[in-house]
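Engineer: Below is the structure I would like to discuss, written out as structure tokens.
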Amino acid sequence: MRIEIKDVRKTFSSDAGPQVEALAGVDLEVSDNEFTSIVGPSGCGKSTLLEIVAGLTEPTTGEVLIDGEPISDPHPAVGLIFQQESTFPWRSVLENVAFGLEMHGVAKKERLDRSRAMIEMVGLQGFEDRYPGELSGGMRQRVAIARTLVMNPEVLLMDEPFGALDEQTRLILGDELLRIWSQTSSTVLFITHSIEEATLLSDQVIVMSARPGSIRKVVPVNLERPRDSSSFGTPQFGHITGEIWEVLREESMKTLKEQV
Amino acid sequence: MKDATRVRLTRWAIVLAAIAALEILPRVGLGDAITLIPLSEIAREFFVLLSDGELTPHLLATGGAFVLSFLLAAVTGVPLGFLLWRYQPLKRTLDPYLTTYYAIPIFAFYPLLLAILGFNLLPIVAISWLWAVVAVVLNTAIGFGEVPEVLIKVGRSMNLSRWQILSRIFFPAAVPHIFTGLKLGMVYSLIGVIASEFVLSTRGLGYLVSYSYANFATAAMYSAIIVILVLAILLNSALNRIERRLYEHG
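Chains as they are written, first to last, in our numbering: chain A, 1 to 260; chain B, 1 to 250.
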């Protein structure tokens, strides 16, 4: 599925305090089956942008089209994964993964079969009957990913899904995400603050400006696939991350100065 | 020896020591015969009261009033807590009253309630409910307030209906706090019942304690106290067990 973001602007206003302009006109196209990452200084509005694409937040002006259709509510073929802890502690791993299917009335046998297959895909076989409280942060995030993937989303929106995890776990989950993505074929919009992660995973990396957010640069990543974290040391990899950092550094400095 | 074993043994040792002290101290002449009597005599009196059927009406009276006031506190407290969370202006308005609520010695109103509601079960249930319900309301409101927003977003991103989000995400996520409120409410309504029976009543375990005390029936008084203790412990462990079943796994 194709995502088109057309001149999306977002201004937050509250009763107290001045209006905050979060997004100042974002235009972006993501083609079918393309993996796109967004990096940007903190507070640049990238999470807001993702929520607008997800249909959770309305843009102030502009629109988002999915396969040419403008969205207002969450699109059924769009799956969302969050950075924060989002598993349901009162449900077992299996019940967590089966949640969406259960809510949409998928018959018990089918939903359990599909959930079990997905649990295996994210490497949690044997933990079906455990509860999130008994798992590590990385395992819980796998549960959340499986819970979204089991719905067979054609568009996958991920908001720093590995942001709360340690470096080794991030790398391993990143490799697994690539493997899963190659098997499922979906359009991915991925937010991260890690340049390496963005480069490793993506077909193109979008660098956003300091707030109010807009697109500063689109960096195509033409490294050969399949990739995994072992491509880190290669010269092409270093060249691309360097190119991203050059722009991102400038924008991050602006944010830092503003804070001072 | 493992730490856990040592802890458990020490706990039992404390119980046994207390029992031994209660048995021996009165026998060696510490405390006069009216205020402190050996545990074995209390036990004998307890079984007499039990087999005579003298304890039963008191137990039923206390039990009935407790069950009524606790259930009332639960079925009114949880919806009120929800309303309080849902309508923030309401919460802001009532906040000073709610936070100072337990500073009011509400039992002072008991005689007044007796005059208004009559000399029966009603004032006891009313005061126990009043004493218990605010704990349920406050904890329920906190529970709903602390449901992480991201869980709601999960539901919205899956296109769930409002009702599905409320019943399948929102309520289960608030259960631990609601349960804390119910546990407090249970203890408070038991205290409410016993205390009001103590002050003015013709039946109930609280009445039995106060009546026996006034009539120098020390063994009967202690029997009633022990029944109250056992009742409180049983109720608490029952609720803990339900909570574990419902929520804590592994």
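C-beta: ideal position from N, C-alpha, C; glycine also. All figures in this text were calculated on a predicted structure; none of them were measured in a lab.
Given a cut-off of 8 Å on the beta-carbon distance, is the pair A:V78 and A:L157 in contact?
Structural biologist: Yes; because the gap between Cβ atoms is below 8 Å, this pair is in contact.
Engineer: Checking contacts by CB at 8 Å: is A:S86 closer than that to chain B?
Structural biologist: For A:S86, the answer is yes, since a Cβ of chain B falls inside 8 Å of its Cβ.
Engineer: Does the Cβ of A:T148 have 16 or more other Cβ atoms within 10 Å, making it buried, or fewer, making it exposed?
Structural biologist: Buried: at least 16 other Cβ atoms inside 10 Å.
Engineer: Any beta-carbon of chain B closer than 8 Å to the one on A:M121?
Structural biologist: It does not: the Cβ of A:M121 has no partner Cβ on chain B nearer than 8 Å.
Engineer: Quick check on the DSSP output: what are the complete alpha helix (DSSP H) runs of length 4 or more inside the stretch 85 to 147 of chain A, in order along the chain?
Structural biologist: Those alpha helix (DSSP H) runs which fall completely within the stretch 85 to 147 of chain A and span 4+ residues are 93 to 97, 99 to 103, 108 to 121.
Engineer: Report yes or no: is there a C-beta of chain B within less than 8 Å of the C-beta of A:M103?
Structural biologist: Yes, its Cβ sits closer than 8 Å to a Cβ of chain B.
Engineer: May I have the straight-line CA-CA distance separating B:V150 from A:S47, to the nearest angstrom?
Structural biologist: Whole-angstrom Cα-Cα distance: 13 Å.
Engineer: Please tell me whether A:L80 has its Cβ less than 8 Å away from any Cβ of chain B.
Structural biologist: Yes, A:L80 lies at the interface with chain B (some Cβ there is under 8 Å from its Cβ).
Engineer: Would you please state the rounded distance, in angstroms, between the beta carbons of B:F179 and B:E243? I believe it to be under 8 Å.
Structural biologist: At roughly 5 Å, the Cβ-Cβ gap stays under 8 Å, so B:F179 and B:E243 are in contact.
Engineer: Put A:G40 into one of helix, strand or coil per three-state DSSP.
Structural biologist: In the structure shown, A:G40 sits in coil (DSSP, three-state: anything other than H, G, I, E or B).
Engineer: Along the stretch 159 to 173 of chain B, what residues have a CB closer than 8 Å to any CB found in chain A?
Structural biologist: If the cut-off is 8 Å between Cβ atoms, the stretch 159 to 173 of chain B has N159, L160, Q164, R168, I169, P172, A173 near chain A.
Engineer: Taking the alpha helix (DSSP H) that B:T140 falls in, what are its first and last residues?
Structural biologist: Its alpha helix (DSSP H) spans residues 121 to 145.
Engineer: In whole angstroms, give me the CA-to-CA distance for B:V134 and B:L72.
Structural biologist: Between B:V134 and B:L72, the C-alpha separation is close to 12 Å.
Engineer: Please report the straight-line C-alpha distance between A:D15 and A:E120, rounded to a whole angstrom.
Structural biologist: Between A:D15 and A:E120, the C-alpha separation is close to 49 Å.
Engineer: Taking the continuous alpha helix (DSSP H) assigned at B:I233, which residues delimit it?
Structural biologist: Where B:I233 is concerned, the enclosing alpha helix (DSSP H) stretches over 218 to 246.
Engineer: Kindly give me the distance between the Cβ atoms of A:D67 and A:M1, rounded to whole angstroms, as I take these residues to be in contact under 8 Å.
Structural biologist: So it is a contact: roughly 5 Å between Cβ atoms.
Engineer: Whose Cβ in chain A lies nearer than 9 Å to the Cβ of B:P148?
Structural biologist: In chain order: Q84, E85, S86.
Engineer: Using a Cβ cut-off of 8 Å (strictly closer), state whether B:R156 contacts chain A.
Structural biologist: By this cut-off, B:R156 is an interface position.
Engineer: Rounded to the nearest angstrom, what separates A:G105 and A:F99 at their Cα positions?
Structural biologist: Roughly 10 Å between the two C-alpha positions.
Engineer: Would you say the stretch 59 to 72 of chain B touches the stretch 108 to 127 of chain B, given that touching needs at least three Cβ pairs under 8 Å?
Structural biologist: Yes, since at least three Cβ pairs between the stretch 59 to 72 of chain B and the stretch 108 to 127 of chain B fall closer than 8 Å, the two stretches touch.
Engineer: Do you know offhand how far A:A54's Cα is from A:H75's?
Structural biologist: In a straight line, the C-alpha of A:A54 is about 7 Å away from that of A:H75.
Engineer: Evaluate A:A198 with the Cβ neighbour count: other Cβ atoms within 10 Å of its Cβ, from every protein chain shown; 16 or more gives buried, anything less gives exposed.
Structural biologist: Classification of A:A198: buried, given that the 10 Å Cβ count is 16 or more.
Engineer: Could you check which residue in A:S229, A:A144, A:K217 has the C-alpha nearest to that of A:R179?
Structural biologist: Of the candidates A:S229, A:A144, A:K217, the one whose C-alpha sits nearest the C-alpha of A:R179 is A:S229.
Engineer: Can you tell which of B:V209, B:S189, B:I233, B:S223 has its C-alpha closest to the C-alpha of B:I106?
Structural biologist: Checked all of B:V209, B:S189, B:I233, B:S223; the closest Cα to B:I106 is B:S189.
Engineer: Check distances from the C-beta atoms of the stretch 58 to 89 of chain B to those of chain A and list, in chain order, the residues that come in under 9 Å.
Structural biologist: Here the close residues number zero.
Engineer: Any C-beta of chain B sitting closer than 8 Å to the C-beta of A:W90?
Structural biologist: Yes, A:W90 counts as interfacial toward chain B.
Engineer: Taking C-alpha atoms, which residue in A:Q141, A:A24, A:R140, A:I5 lies nearest to A:M12?
Structural biologist: The sequence shown places Phe at residue 12 of chain A, rather than the Met named in the question. Among A:Q141, A:A24, A:R140, A:I5, the Cα nearest to that of A:F12 belongs to A:A24.
Engineer: What residues match up with A:I191 in a beta bridge as DSSP calls it?
Structural biologist: A:I191 pairs with A:I38, A:D159.
Engineer: Whole angstroms is fine: what's the gap from A:G45's alpha carbon to A:A22's?
Structural biologist: Rounded to whole angstroms, A:G45 to A:A22 spans 5 Å at the Cα level.
Engineer: I need the straight-line Cα distance from B:I42 to B:L36, nearest angstrom please.
Structural biologist: Their Cα atoms are separated by approximately 10 Å.
Engineer: For A:V247, which residues does DSSP report across the bridge?
Structural biologist: None, per the DSSP bridge assignment.
Engineer: Is DSSP giving B:A103 helix, strand or coil here?
Structural biologist: Three-state result, B:A103: helix.
Engineer: Which residues in the same chain have their Cβ closer than 7 Å to the Cβ of B:A232, if we skip the five residues on either side of it in sequence?
Structural biologist: Excluding positions up to five away in sequence, the list reads L190.
Engineer: Here's a check: name, in chain order, each residue in its chain whose Cβ is nearer than 8 Å to the Cβ of B:Y101, leaving out the five neighbours to either side.
Structural biologist: Taken in chain order, the residues that qualify are V134.
Engineer: For A:R227, which option in A:I172, A:M208, A:T192 has the closest C-alpha, if you only look at C-alpha atoms?
Structural biologist: Out of A:I172, A:M208, A:T192, A:I172 has the C-alpha closest to the C-alpha of A:R227.
Engineer: Is DSSP giving A:D7 helix, strand or coil here?
Structural biologist: In this structure, A:D7 counts as strand in the three-state DSSP scheme.
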